[in-house]
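Asks: Okay, so the sequence shown: first residue is 1 according to our numbering, each after it adds one. The C-beta atom is built at its ideal place from N, Cα and C for all residues, glycine as well.
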Amino acid sequence: MEFVDCNVRYGIPAQRAPLMPAPTVEALRSEMKRAGVVGAVVRREEVHWEGVGIGNKEEDLLVLSHTWGRSDKDGPDEAEKFLREYPGVTFIAGHSFHGEWERAADMAGEYPQLYLDLCAVMDDRGVLELFVERAGSHKILFGTDLPWFDPHYYIGAVLSADISDDARRDIFYRNGVRVLSRFSWFGQVWGDERI
């Protein structure tokens, strides 16, 4: 497995050949370690999660997965199966189940390990306010799917949303610090005195 070099600490697995078997979680971890990345952007169906014994003890695993509303492959129903089976894995819902905003907010409130990503979300006004009201500003991450979308638009959308400045601080940086601070490398990147 190879990783696209998109930034220092987060890898995007390069496209695998369609007939190649999906990697196991162990193979994914091994390649992530070799590549020096701590997380991977994967579609749920692209990795064999079954039978490897991950669960609550696997709190060092961070998954950003593409999600979309009304999808039988990466929609809320599939994500809920994963969230129930692997409660120790931090799961970032890329695009926050786009279009199923109420369900996304309710799921983020129900599953402590689920975080909502704003990429492609801000095309609908009012969604951020709904997320903050139902799930709480502590469950929303900013910039997890950059650089695919222009951050200037997203920054403006967060700044102009009808939410508190404290909620904006959660979204822009506090939540990211909270999610990432449990990793040993984070203090070196962020600065130990800030944690």
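Can you say whether Arg84 is buried or exposed, counting buried as having 16 or more other CB atoms within 10 angstroms of its CB?
Replies: Arg84 should be labelled exposed.
Asks: Taking C-beta to C-beta, are Phe131 and Leu116 nearer than 7 Å?
Replies: Yes; because the gap between Cβ atoms is below 7 Å, this pair is in contact.
Asks: Measuring alpha carbon to alpha carbon, tell me which residue in Leu128, Trp190, Leu118 and Arg178 is nearest Ser160.
Replies: Selected option, being the one with the closest Cα: Leu128.
Asks: Run the CB neighbour count on Ser137, radius 10 Å, all protein chains shown included, and call it buried at 16 or more, exposed below.
Replies: With 16 or more other Cβ atoms within 10 Å, it is buried.
Asks: For His152, name the three-state secondary structure that DSSP assigns.
Replies: Correct three-state label for His152: helix.
Asks: Helix, strand or coil: which one does DSSP assign to Leu146?
Replies: In this structure, Leu146 counts as coil in the three-state DSSP scheme.
Asks: Under a three-way DSSP split, which group does Asp117 fall into?
Replies: DSSP places Asp117 in strand when its eight states are reduced to three.
Asks: My understanding is that Phe149 touches Ala120, with C-beta atoms under 8 Å, so please give their C-beta distance in whole angstroms.
Replies: Correct: roughly 7 Å between the Cβ atoms.
Asks: Roughly how many angstroms lie between the CA atoms of Arg103 and Arg178, to the nearest whole one?
Replies: Rounded to whole angstroms, Arg103 to Arg178 spans 24 Å at the Cα level.
Asks: Where Val8 and His152 are concerned, what is the direct C-alpha to C-alpha distance, given to the nearest angstrom?
Replies: With a pLDDT of 40 at Val8, under the threshold of 50, the modelled position of that residue is not reliable, and the figure given next carries that caveat. So the two alpha carbons sit approximately 21 Å from each other.
Asks: Indicate whether Ala79 and Ala108 have their beta-carbon atoms separated by less than 7 Å.
Replies: Cβ atoms of Ala79 and Ala108: not closer than 7 Å.
Asks: Spatial neighbours of Ala157 within its chain, please: CB distance less than 6 Å, with the 5 preceding and 5 following residues excluded, ordered by chain position.
Replies: Cβ neighbours of Ala157 beyond the five flanking positions: Met122.
Asks: Apart from the five residues on each side of it in sequence, which residues of its chain come closer than 6 Å, Cβ to Cβ, to Ile140?
Replies: Closer than 6 Å at Cβ, skipping near neighbours: Leu116, Phe131 and Ile171.
Asks: From Arg169 to Thr144, what does the alpha carbon distance come to, in whole angstroms?
Replies: Going from the Cα of Arg169 to the Cα of Thr144 covers about 15 Å.
Asks: Less than 7 Å between the beta carbons of Gly88 and Thr67, yes or no?
Replies: For Gly88 and Thr67, no; Cβs fall outside 7 Å.
Asks: From what residue to what residue does the alpha helix (DSSP H) around Val177 run?
Replies: First-last of the alpha helix (DSSP H) with Val177: Asn175 to Leu180.
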